[in-house]
Amino acid sequence: MNVLIIGSGGREHALAWKTAQSPKAETVFVAPGNAGTAAENGKIRNVPVKETDFPALIRFVKEKNIGLTIVGPEVPLCEGIVDAFEAENLRIFGPNKAAAQLEGSKIFCKEILRKGNVPTAVYHTFSRGNDAIDFLNEDRDMPIVVKADGLAAGKGVFVCENRSMAIDAVKRITQNREFGSAGDRIVLEERLIGQEASVLAITDGKTIAVLPPAQDHKAAYDGDTGPNTGGMGAYSPAPVVDEKSLHWIEEYILVPTVHALNSGGTPFKGVLYAGLMMTKQGPKVLEYNVRFGDPECQPLLMRLKTDFIDICEAVIDNRLEEIGPLDWDERSAVCVVMASKGYPGNYEKGFPIRGLDEAAKIPNTKVFHAGTVLAAEHEQNSDGLPLTGGGRVLGVTGLGATVSEAKLAAYTAVKCIRWDGAWCRKDISDKAVP
Ligand code: AMP
Ligand code: GLY
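With positions in the sequence shown counted from 1, the corresponding number in the numbering used here is that position plus 11.
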């Protein structure tokens with residue numbers, strides 16, 4: 012069967028790479044993909060169509076007789092790509108627009124959590140900035156988190172130490188309109204303390220297959236310092252969530268969430284990603300995403316042994332229970348993100364990336380591309396090398412018998428790769444080693 016992957020990041024490179032391993036896959040198209048998916052030998056091919064151009068994507072799927080489309084990022088999901096495909100009887104893996112609200116609206120998410128009695132931070136919602144400021148002025152000089160309701164590319168959350176920071180955040184969202192209409196409503200919530208963990212599950216709305224826990228590294232610099240990013244690295248399994256906690260999370264967080272979505276008339280199919288804070292009172296939900304995390308997807312798919320096409324098809328046909336427990340490589344996987352100088356702030360693009368061939372020779376590693384483009388697109392003399400085209404450029408991923416071995420493999424490959432201004436965190440996965 013022909014498959015289409017939608018998106019262009021490291022997550023989508025990993026999805027294409029994993030899907031192409033299925034004996035069922037003929038050609039795996041990636042729209043629009045990156046230099047890494049373009050360079051994969053064999054079954055994988057890029058298609059120059061934007062991830063939100065639904066009519067063009069639908070035309071392409073019909074023309075190439077594509078039997079399965081897998082959506083990577085949240086934006087097309089929240090804009091209703093699944094509804095558009097289903098209206099044409101096309102098979103697509105992911106939640107529809109109504110269910111994708113779980114990520115697209117933090118207030119919708121909070122209401123589902125309340126309905127399911129799922130542990131989360133205490134919160135208040137506001138549709139006028141001044142009401143939020145009045146609320147903060149009523150004796151609330153304490154750590155508080157201010158969030159824009161809608162999608163803001165991971166930037167609409169402010170973890171504030173005190174009242175004046177919180178008021179400033181409210182103004183940025185509601186008066187300066189830094190996130191546009193995503194800031195029409197805001198959430199103020201209690202700040203939770205603990206280690207963060209990502210627990211992802213695949214569900215068809217009836218059966219839930221929980222994936223091994225993973226941990227992202229959201230802060231830019233070593234020791235979890237510096238500004239927030241899309242994620243500077245990830246690893247799996249993450250010992251911060253042990254067997255017992257994972258069962259607890261399934262029973263008291265994931266199952267009631269899926270039930271609440273069903274009973275609210277917005278049944279969910281696809282990847283349900285719980286961003287959790289492991290507090291002293293137990294795990295609490297910080298947010299839900301409705302897709303694989305990036306970079307969490309890379310270590311998770313390095314470890315997944317079950318055929319990914321089989322999983323997607325079972326979800327679409329509401330028969331995930333037939334797949335049984337998913338099969339995982341026992342080894343650990345660590346993904347180190349290599350980034351452009353200046354990220355997550357402003358950065359330049361277009362630097363040739365050297366050393367990918369040497370990195371490819373390091374055993375038990377895989378370099379997933381994220382923000383990379385083929386040189387021809389930039390018409391620069393770069394010896395035919397791929398060029399940097401984004402802030403997070405590569406996700407260098409290693410497997411090993413222990414987390415330390417996986418880390419060593421990943422960083423050995425990182426050392427082979429260079430471009431002007433390339434940098435990465437040096438401590439990815441250290442939290443896993445006591
Ligand atoms: P979110 O997009 O809601 O996951 O928020 C992004 C990041 O902000 C999270 O990964 C946390 O690091 C932090 N965060 C969000 N909500 C809270 C909270 N209630 N308490 C502490 N940190 C939070
Ligand atoms: N790594 C966090 C995310 O994908 O949202």
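Cβ atoms here follow ideal geometry from the backbone N, Cα and C, with glycine treated the same way.
In this structure, the ligand GLY has no non-hydrogen atom nearer than 7 Å to the beta-carbon of residue 267.
Between the stretch 121-132 and the stretch 334-354 there are fewer than three inter-stretch CB-CB distances shorter than 8 Å, so the stretches are not counted as touching.
Taking 8 Å as the cut-off, the Cβ atoms of residue 45 and residue 383 count as close. A heavy atom of the ligand AMP is found nearer than 7 Å to the CB of residue 202. Residue 176: member of the alpha helix (DSSP H) spanning 174-185, first to last residue. Counted as a single uninterrupted DSSP element, the beta strand (DSSP E) harbouring residue 169 occupies residues 168-171.
Excluding its 5 nearest sequence neighbours in each direction, residue 366 has C-beta neighbours in its own chain below 8 Å: 427, 428, 429, listed in chain order. In the structure shown, the three-state DSSP call for residue 314 is helix. When secondary structure is reduced to three states using DSSP, residue 403 falls in the strand class. Taking 7 Å as the cut-off, the C-beta of residue 176 does not count as close to any heavy atom of the ligand AMP. Per the C-alpha coordinates, the member of 363, 412, 402 positioned closest to residue 393 is 363.
Ranked by how close their Cα comes to the Cα of residue 154, the residues 203, 164, 433, 195 have 203 in first place. Residue range 197-201 is occupied by the beta strand (DSSP E) that includes residue 199. Residue 236 counts as exposed, since fewer than 16 other C-beta atoms from the protein chains shown sit within 10 angstroms of its C-beta. DSSP places residue 284 inside the beta strand (DSSP E), whose first and last residues are 281-290. Annotation: the stretch 343-405 contains the following complete segments of the beta strand (DSSP E) (minimum length 3 residues), in chain order: 343-350, 376-380. Beta bridge pairing from DSSP links residue 157 with 169, 199. Judged by their CB atoms, residue 77 and residue 13 are nearer to each other than the 8 Å cut-off. Under DSSP, residue 135 shares a beta bridge with 199.
Per DSSP, residue 415 lies in no beta strand (DSSP E) segment; the continuous alpha helix (DSSP H) that holds it begins and ends at 414-427. Per DSSP, residue 190 lies in no alpha helix (DSSP H) and is assigned neither H nor E. DSSP places residue 92 inside the alpha helix (DSSP H), whose first and last residues are 92-98.
In this structure, the CA atom of residue 222 is about 13 Å from the CA atom of residue 246.
Bounds of the beta strand (DSSP E) holding residue 40 are 39-43. CA-to-CA, the gap between residue 30 and residue 141 works out to about 49 Å. For the pair residue 132 and residue 181, the CB atoms are not nearer than the 8 Å cut-off. In this structure, the beta-carbon distance from residue 112 to residue 104 does not fall below 8 Å.
Taking 7 Å as the cut-off, one finds no heavy atom of the ligand AMP near enough to the beta carbon of residue 283. Residue 114: member of the alpha helix (DSSP H) spanning 108-115, first to last residue. At a threshold of 7 Å, residue 297 counts as near the ligand AMP, since its beta carbon sits closer than that to one of the ligand's heavy atoms.
Counting other Cβ atoms within 10 Å of its Cβ, residue 215 reaches 16 or more and is therefore classed as buried.
Counting along the chain, residue 264 sits inside no beta strand (DSSP E), nor does DSSP assign it H or E at all. Where residue 294 is concerned, the enclosing beta strand (DSSP E) starts and stops at 293-300. Secondary structure at residue 128: coil, using DSSP grouped into helix, strand and coil. In the DSSP secondary-structure assignment, residue 57 is bridged to 41.
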